[in-house]
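Below is one structure, written out as C-alpha cells; the observations come after it.
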Amino acid sequence: MSEKVLTRAEVPESSTWNLEHLFLTEEDWNKELEGVLASADEVTRFKGRLGEGADLLLDCLNAQEALMERARKVGAYAHLKQTEDGTNPENQARSAKSGDALTKLGSQFTFIESEILELPEGTVERYLQEEPGLAEFARSLKLLLEQKPHSLSPETEKVLASLFEVHGAPYRTYLRGKLADMTFESVEVEGSRYPVSFASYETNYEMNPSTELRRSSFASFSRGLHAYRNTFAEAYAAEVKRQVVMSRLRNYDSVTEMLLRPQQVTEEMYSAILDTIQTELAPHMRKYAALKKKVLGLDTMYFCDLKAPLDPEYSPSITYEEACKTVQEALGVLGHEYGEIVEAAFTQRWVDHASNVGKSTGAFCSSIYGMHSYILMSWSDNMRGAFTLAHEVGHAGHLMLGARYQRMTNARPSLYFIEAPSTMNELLLAEHLRSRSNDKRLRRWVIMQLLNTYYHNFVTHLLEGELQRRVYARAMNDQAITAKVLSDLKGEVLASFWGDALEMTEDAKLTWMRQPHYYMGLYPYTYSAGLTLSTAMMQKIREEGQPAIDRWLETLKAGGSQTPLELAKMAGVDMSDTATIRSAVDYVGSLINELCELFEEETIG
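Per numbering that gives the first Met the number 0, the very first residue in the sequence shown carries number 0; after that it's consecutive.
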C-alpha cells in the first residue's frame, strides 16, 4: 500500500466539487465581498426608523435578507475552500478575510433586533395586521420577541456581534490542529505499510476486517491524539466558558436552556432523547458487541473493534459511480422533483469525494440559499460510503426543497429536525437493497448496514450528547475542564453504556477529541432525534405507501416555517411522546435479534 497521501493538487478534478458554480474566479469572489460590504447602507439606512411604521420594517427586513443571501454565498465559498484543504495558506487567509467581513456586516445589522425589541408592547403585532407583506416574517419576529428577556442593550449587542470571529477562535484552533498540524505514524501489518490520517482511519481502518490493522492503526491514531490532548482540551474549555458566560450575561438559568431556545426544543424533549435511548438501547448494543466478539473470535472486545465487519467477504467493494447509481435508484420513490436534485448532485460535481492532505474529516452538506448544495466526504470503496452519500444528499434534497418553497427567513428548520431527512435516505437505501433479493446472507448484510446507521446516530452521536450534558453541568458549577477531566468523563459515558461488553482503555477515552460537533452547540443529540423521527416515518411509509411519502415531501418543502414538533406532526409522527423513541429503540433491538438468529442458523447449518 502506498505510503503517500495525495495533496489537493494531485487528486483528479472529477472527484472534487466545482466551486465555479459559486464564483468563476477569485477576482469575482473578492469583487462580491467588497460589493456586499459596500451595500451595507442599503440596510443601515433604516437605523433609528423601525418605529415609524410597518412598511419601513418590511423594507428593512427585505433589504437585510437580500444582502445576507449574497453574504452567505461569499462566506460559503471561503468555507468550502478551507475545508477542501486546511493546510493551504491561501485558503486560511481567504477564510479569515471572509470571517472578518461578515462579522463587520453582522455588527452593523444588530440595530434591527435591538430596535424591534425596544418597540412598545403590541407594536409588532399591530404591524403584522397592517402590512400583509410581513406575514412571511411573522415566525422569525415571534421568535425574536421571545428573546426579549435575554436581550442586552443595543451597544452591548453590537460589541458582542463585532467579536463573532473571536468567539469562533476555539473551533478554528481545533480545526487547525486536527487538519493542518496533527500527524500520525504509519503502521506495518504483514509486511505492508499503511499511512494513518484522520480520514484513512475513520473511513477505512476502523472498519477493516483485519484485527491487527484495526488495532495497530487505532494505537497510532490514539498516539497522535494524545500528543494534542492538552491543546484540544484548552480549545474546548474556552468554547464551553464562552457559552457559560453568554448564558449568564443573557440571564438564562443554564447553558442548556440558552442553546435549546433557537432549536425550539424544551429541556424535557432534550432529556427524553438522551435518557430513553441510553437506558433502553444499551442492552441491545451489548448483545450486538457480544455477537461481534463471538463471530470474530476475539478474546477481548475493545472500542476499536466495534465497527469491525461481521461478514467482510460478502461486502464487495463499491465504486463512487456505482454508489451514486444505487442511491439514485433507492431514492426514486421520492418522486421526480426530488430525483432531479439527486441526479444533479451526482452529475454536476456538487460532491467532493477526494481524499487529500488537509481535507476536513467526516462528511457534511453545505446548503446555500439561492444556489445548490455542496457535499464533502472522503470516498472509500465500501458500502458505508454509499450510506454516507445517501445521508448527505438527504440534507441537499431537504434544504433545496425548503429554499424552493420558502423565503430565506423560513427555509431552514430547527436542528432537532435537521437530521431526519438525511437518516430517512439511509433507511430508504437499506429498504432498496433488501428488496433486491430474499437471500438470507443479503438480508443479514443489509441489517448490518442499518445497524451502522443506528450505531452512528444512536450511539456515537448520542454519547457525544451525553458528554456535552456532563461537561456543561460541570461548567455551570465553575469546575475546570481539562484533558484529564474530558477523558475521564468520556470513559465514564462509554463504560456506563457498554458495561462489561467492552474492555475500556485509555485510548478509547480520547474519543472526545475526534468530533467537531462539540463546537456547534447542542448538535450531537439531534442526530438521535432525527433518526427517531425518520424511523417512525419509515414505518408509516411501509404501512401506508404513497400517502405517507406525499406527507413527507410536503414536510420537506415546509423548510423551517414550523416548529420541529409541528413538522413531525405534519409528517404524521408525534415526537412529544416518548413511545415514539421507545419504538425506534425496539426496532434496533429487533434488528439485532434477527441478526443473531441469522448467524446462529449459519452456525447450525
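Quick reminder that beta carbons are idealized off the backbone N, C-alpha and C, glycines included.
Quiz prompt | Through-space distance from residue 226 to residue 184, alpha-carbon basis | solution = Taking the sequence shown and counting its residues from 1, the one referred to as residue 184 is at position 185. Taking the sequence shown and counting its residues from 1, the one referred to as residue 226 is at position 227. In a straight line, the C-alpha of residue 184 is about 12 angstroms away from that of residue 226.
Self-check item: Closest Cα partner of residue 600 within the set 381, 294, 429, 459
Solution: Working through the sequence shown from its first residue, we reach residue 600 at position 601. The shortest Cα separation from residue 600 among 381, 294, 429, 459 belongs to 294.
Quiz item: How would you label residue 476, buried or exposed, when you count the other beta carbons within 10 angstroms and need 16 or more for buried?
Solution: Here residue 476 corresponds to residue number 477 of the sequence shown, with the count starting at 1. By the 10 Å Cβ count, residue 476 comes out exposed.
Practice problem: Return the Cβ separation of residue 390 and residue 425 in integer angstroms, given the expectation that the two are a contact with Cβ distance under 8 angstroms. | Solution: Counting from 1 along the sequence shown, the entry for residue 390 is found at position 391. Counting from 1 along the sequence shown, the entry for residue 425 is found at position 426. The Cβ separation is near 5 angstroms, so the contact holds.
Exercise. Return the residue from the list 274, 138, 520, 224 that minimises the CA-CA distance to residue 240.
Key: As a position in the sequence shown, residue 240 is number 241, starting the count at 1. It is 520 whose Cα lies nearest to the Cα of residue 240.
Quiz item: Which residue from 506, 10, 357, 347 puts its Cα closest to that of residue 20?
Solution: In the sequence shown, counting from the first residue as 1, residue 20 sits at position 21. Per the Cα distances, 347.
Quiz prompt | Close beta carbons around residue 405, own chain, < 6 angstroms, minus the five adjacent residues each side | solution = Your numbering for residue 405 matches position 406 in the sequence shown. Here the set comprises 558, 560.
Quiz prompt | residue 74 versus residue 367 - alpha carbon distance | solution = The residue you call residue 74 lines up with position 75 of the sequence shown. The residue you call residue 367 lines up with position 368 of the sequence shown. If you take the alpha carbons of residue 74 and residue 367, they lie about 10 angstroms apart.
Quiz prompt | Sequence-distant residues of its chain with Cβ nearer than 8 angstroms to residue 562 (five each side left out) | solution = Taking the first residue of the sequence shown as position 1, residue 562 is located at position 563. The residues are 263, 413.
Practice problem: List the residues that DSSP assigns as beta-bridge partners of residue 214. | Solution: Here the question's residue 214 lines up with position 215 in the sequence shown. DSSP output for residue 214 lists no bridge partner at all.
Practice problem: State whether the stretch 127-139 contacts the stretch 48-60, with contact taken as three or more CB pairs (one from each stretch) at a distance under 8 angstroms. | Solution: yes
Self-check item: Backbone CA spacing between residue 394 and residue 423 [nearest angstrom]
Solution: The residue you call residue 394 lines up with position 395 of the sequence shown. The residue you call residue 423 lines up with position 424 of the sequence shown. Rounded to the nearest angstrom, the two C-alpha atoms are 10 angstroms apart.
Quiz prompt | Cβ shell of residue 536 (< 8 angstroms), same chain only, five flanking positions each side left out | solution = The count along the sequence shown starts at 1 and reaches residue 536 at position 537. Same-chain partners within the cutoff: 419, 423, 547, 551, 570, 571, 572.
Exercise. Would you identify the three-state DSSP class for residue 329, choosing helix, strand or coil?
Key: Residue 329 sits at position 330 when you count from the first residue of the sequence shown. Reduced to three states, the DSSP call for residue 329 is helix.
Quiz item: Where do the ends of the alpha helix (DSSP H) carrying residue 454 lie?
Solution: Along the sequence shown, read from residue 1 onward, the residue named residue 454 stands at position 455. Taken as a continuous stretch (DSSP letters only), residue 454 belongs to no alpha helix (DSSP H), as it is neither H nor E.
Practice problem: Would you tell me roughly how many angstroms separate the C-alpha atoms of residue 604 and residue 594, rounded to the nearest one? | Solution: For the purposes of this step, residue 604 is identified with residue 605 of the sequence shown, where counting begins at 1. For the purposes of this step, residue 594 is identified with residue 595 of the sequence shown, where counting begins at 1. Caution is warranted here: a pLDDT of 48 is assigned to residue 604, below 50, making its placement in the model unreliable, and the coordinate value is therefore given only provisionally. Straight-line Cα distance between these residues: approximately 15 angstroms.
Quiz item: Given that a residue counts as buried once 16 or more other Cβ atoms are within 10 Å of its Cβ, and exposed if not, what is residue 436?
Solution: As a working note, residue 436 is residue 437 in the sequence shown. So residue 436 ends up on the exposed side.
Quiz prompt | Three-state class that DSSP yields for residue 374 in the structure shown | solution = Here residue 374 refers to the residue found at position 375 of the sequence shown. Of the three classes helix, strand and coil, the one that applies to residue 374 here is strand, per DSSP.
Exercise. Return yes when the Cβ of residue 427 is within less than 9 angstroms of the Cβ of residue 441, no when it is not.
Key: Walking along the sequence shown from the start, residue 441 turns up at place 442. Walking along the sequence shown from the start, residue 427 turns up at place 428. Going by C-beta atoms, residue 441 is not nearer than 9 angstroms to residue 427.
Practice problem: Mind the definition here: the stretch 111-121 touches the stretch 67-85 only if three or more C-beta pairs lie below 8 angstroms; say whether that holds. | Solution: no
Quiz item: Going straight from the alpha carbon of residue 403 to that of residue 71, what length do you get?
Solution: Stepping through the sequence shown from its first residue, residue 403 is reached at position 404. Stepping through the sequence shown from its first residue, residue 71 is reached at position 72. Their backbone Cα atoms lie some 17 angstroms apart in a straight line.
Self-check item: Terminal residues of the beta strand (DSSP E) in which residue 191 lies
Solution: Looking up residue 191 in the sequence shown gives position 192. Counting along the chain, the beta strand (DSSP E) containing residue 191 begins and ends at 191-193.
Exercise. Report the option in 449, 508, 524 whose CA atom is closest to the CA atom of residue 467.
Key: Taking the first residue of the sequence shown as 1, we reach residue 467 at position 468. For the residues 449, 508, 524, the minimum Cα distance to residue 467 belongs to 524.
Quiz prompt | CB-CB length for residue 360 against residue 198, believed under 8 angstroms | solution = The residue given as residue 360 occupies position 361 in the sequence shown. The residue given as residue 198 occupies position 199 in the sequence shown. Yes, they are in contact, since the Cβ atoms of residue 360 and residue 198 sit about 5 angstroms apart, within 8 angstroms.
Practice problem: Could you tell me the distance, in whole angstroms, from the CA atom of residue 202 to the CA atom of residue 307? | Solution: Residue mapping note: residue 202 aligns to position 203 of the sequence shown, counting from 1. Residue mapping note: residue 307 aligns to position 308 of the sequence shown, counting from 1. Using only the alpha carbons, I get a separation of about 12 angstroms.
Quiz item: Looking at residue 273 and residue 464, is the spacing between their C-beta atoms short of 9 angstroms?
Solution: Reading the sequence shown from its first residue, position 465 is the one you call residue 464. Reading the sequence shown from its first residue, position 274 is the one you call residue 273. Cβ distance < 9 angstroms, so residue 464 and residue 273 count as in contact.
Practice problem: Report the rounded CA-to-CA distance for residue 533 versus residue 193, giving the unit in angstroms. | Solution: Counting from one through the sequence shown, the residue named residue 533 turns up at place 534. Counting from one through the sequence shown, the residue named residue 193 turns up at place 194. Each residue's alpha carbon lies about 38 angstroms from the other.
Quiz prompt | Expected contact under 8 angstroms - CB spacing of residue 169 and residue 250 to nearest Å | solution = On the sequence shown, position 170 is the one that residue 169 refers to. On the sequence shown, position 251 is the one that residue 250 refers to. In fact, because the Cβ distance is near 23 angstroms, the residues do not count as touching under 8 angstroms.
Self-check item: residue 334 to residue 380 span [Cα, whole Å]
Solution: Taking the sequence shown and counting its residues from 1, the one referred to as residue 334 is at position 335. Taking the sequence shown and counting its residues from 1, the one referred to as residue 380 is at position 381. Cα to Cα, the separation comes out at about 28 angstroms.
Self-check item: residue 564 beta carbon less than 9 angstroms from that of residue 439
Solution: The count along the sequence shown starts at 1 and reaches residue 439 at position 440. The count along the sequence shown starts at 1 and reaches residue 564 at position 565. No.
Self-check item: C-alpha gap between residue 12 and residue 388, whole angstroms
Solution: In the sequence shown, counting from the first residue as 1, residue 12 sits at position 13. In the sequence shown, counting from the first residue as 1, residue 388 sits at position 389. The straight-line gap from Cα to Cα measures roughly 19 angstroms.
Self-check item: Which of helix, strand or coil DSSP assigns to residue 188
Solution: As a position in the sequence shown, residue 188 is number 189, starting the count at 1. If DSSP states are grouped into helix, strand and coil, residue 188 belongs with the strands.
Quiz prompt | Close beta carbons around residue 498, own chain, < 8 angstroms, minus the five adjacent residues each side | solution = Residue numbering aside, residue 498 sits at position 499 when the sequence shown is read from its first letter. 281, 285, listed in sequence order.
Self-check item: the stretch 108-119 / the stretch 39-49 touching (three or more Cβ pairs under 8 angstroms)
Solution: yes
Quiz item: What is the residue span of the alpha helix (DSSP H) that residue 616 lies within?
Solution: Any property of residue 616 remains undetermined from this structure, which presents the chain solely from 0 to 604.
Self-check item: Test item: CB-CB of residue 591 and residue 290 under 9 angstroms
Solution: Locating residue 591 in the sequence shown gives position 592, counting from the first residue. Locating residue 290 in the sequence shown gives position 291, counting from the first residue. Yes. Within cutoff.
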